[in-house]
Amino acid sequence: MDSGKSTLALQTNHNHAARGRIGRIFTTHDRAGEALLSSRLGLTHQALEVTSDFDFWKYVVDTLTQGGRIDYLICDEAQFYTPEQIDQLAKVTDELQIDVFAFGILTDFRSRLFPGSARLVELADRMNVLQVEALCWCGKRATHNARTENGAMVTEGDVVVVGDVEEKDAEPADVSYEVLCRQHHRRKLTSARAKAVSLAPDPLPFG
Numbered sequence: 358m359d360s361g362k363s364t365l366a367l368q369t370n371h372n373h374a375a376r377g378r379i380g381r382i383f384t385t386h387d388r389a390g391e392a393l394l395s396s397r398l399g400l401t402h403q404a405l406e407v408t409s410d411f412d413f414w415k416y417v418v419d420t421l422t423q424g425g426r427i428d429y430l431i432c433d434e435a436q437f438y439t440p441e442q443i444d445q446l447a448k449v450t451d452e453l454q455i456d457v458f459a460f461g462i463l464t465d466f467r468s469r470l471f472p473g474s475a476r477l478v479e480l481a482d483r484m485n486v487l488q489v490e491a492l493c494w495c496g497k498r499a500t501h502n503a504r505t506e507n508g509a510m511v512t513e514g515d516v517v518v519v520g521d522v523e524e525k526d527a528e529p530a531d532v533s534y535e536v537l538c539r540q541h542h543r544r545k546l547t548s549a550r551a552k553a554v555s556l557a558p559d560p561l562p563f564g
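Following our numbering, the numbering of the sequence shown begins with 358 at its first residue and continues without gaps.
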């Protein structure tokens, strides 16, 4: 989150489409709503919604059989895809020679790999860390995703709950997300909590 992955997904689609290639865009659980790929910069694009029973292989084969053309797939929010769907995407690449570009985050709010992300790591031809670094409120590189409910960070609950990163100085949403460095994720120290109590870092346990 806050790393520009959806912006890069849209840019990747633009670059390929500008060269005359024909692609399909997929997403799921996007904060803008169903069948939309959105960026926090305000960019949006129509997309195909990936449900838990969606079959990428069948969709692509059916499209090609009916005379359609597909040169590449853009797959956003790929962390929410099932491991079986990731296998289908690998098969599309290997058997049909269609490029697949998957965008997503690795871990959930509990700092555990999403099943879809884990399968992507196992199968991907290559992985790229985005050049835009997400930053924790303290200024360090953010490596963890925190979920807050009514302003308090939680580490238990459903893995998939749609929310958004809170706007600065806005009232805490019922469910929202914040990117944190490992230290502050471990301490459950969100920006709101740090501001409320004006905490300095805990002293080290040695003098």
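Glycine included, each C-beta is placed from N, C-alpha and C at the ideal position.
Taking the C-alpha atoms as reference points, what is the distance between tryptophan 414 and valine 449? Between tryptophan 414 and valine 449, the alpha-carbon positions lie close to 6 Å from each other.
Continuous alpha helix (DSSP H) stretch holding isoleucine 443: start and end: Unbroken alpha helix (DSSP H) run through isoleucine 443: 440-453.
Taking arginine 381 as part of the alpha helix (DSSP H), name the residues at either end of that continuous run. First-last for arginine 381: 380-384, but that is the beta strand (DSSP E), not the alpha helix (DSSP H).
Apart from the five residues on each side of it in sequence, which residues of its chain come closer than 8 Å, Cβ to Cβ, to leucine 463? Apart from sequence neighbours up to five positions away, the residues of its chain that approach leucine 463 with a beta-carbon distance below 8 Å are Gln436, Leu470, Phe471, Ser474 and Val478, ordered along the chain.
Glutamate 434 and histidine 386 closer than 9 Å at C-beta: Yes, these two residues count as a Cβ contact at 9 Å.
Pick helix, strand or coil for glutamate 506, following the three-state DSSP scheme. Correct three-state label for glutamate 506: strand.
My assumption, with CB atoms under 8 Å, is that valine 457 sits in contact with leucine 430. Please give the rounded CB distance. Valine 457 to leucine 430, Cβ: 5 Å. Contact.
Can you tell me the Cβ-Cβ gap for arginine 378 and aspartate 428, rounded? I've got them flagged as a contact below 8 Å. Confirmed, Cβ separation roughly 4 Å.
Starting from cysteine 432, follow its DSSP beta bridges and name the residues at the other end. As computed with DSSP, cysteine 432 is found in a beta bridge with Phe383 and Ala459.
Can you name the residues that DSSP bridges to arginine 467? The partner list for arginine 467 (beta bridge, DSSP) is empty, contrary to what the question assumes.
Within 9 Å, strictly: CB atoms of alanine 366 and leucine 394: It is a contact, given that the beta carbons lie within the stated cut-off.
Between methionine 510 and the rest of its own chain, which residues show a CB-CB distance below 6 Å, the 5 nearest in sequence each way excluded? Within the same chain, Cβ atoms closer than 6 Å to the Cβ of methionine 510 are found at Ala503, Lys545 and Thr547, the five residues on either side in sequence being excluded.
Sequence-distant residues of the same chain with beta carbon closer than 7 Å to arginine 426, five excluded per side: Here the set comprises Ile379.
Would you list the residues sitting across from leucine 492 in a DSSP beta bridge? DSSP lists Arg498 as the beta-bridge partner residues of leucine 492.
What is the DSSP secondary structure of valine 511, reduced to helix, strand or coil? If DSSP states are grouped into helix, strand and coil, valine 511 belongs with the strands.
Just to confirm my understanding: we take serine 468, look at its own chain, exclude 5 residues before and 5 after, and list those with CB closer than 6 Å. What are they? The residues are His501.
Relative to the C-alpha of arginine 539, which candidate in Arg483, Trp494, Asp419 and Arg476 has its C-alpha closest? The shortest C-alpha to C-alpha distance from arginine 539 to any of Arg483, Trp494, Asp419 and Arg476 is the one to Trp494.
Nearest chain B C-beta to threonine 547 closer than 9 Å, yes or no? Protein chain content of the structure displayed is limited to a single chain, and chain B is not contained in it.
Beta carbon of phenylalanine 460, beta carbon of lysine 552: below 9 Å? 9 Å or more divides the Cβ of phenylalanine 460 from the Cβ of lysine 552.
For glutamine 442, count neighbouring Cβ atoms within 10 angstroms of its own Cβ and tell me buried if that reaches 16, exposed if not. Classified as buried, glutamine 442 has 16 or more neighbouring CB atoms from the shown chains inside 10 Å of its CB.
Should glutamine 445 go down as buried or exposed, given a rule of 16 or more other Cβ atoms within 10 Å for buried? Looking at its Cβ environment, which holds 16 or more other Cβ atoms inside 10 Å, glutamine 445 is buried.
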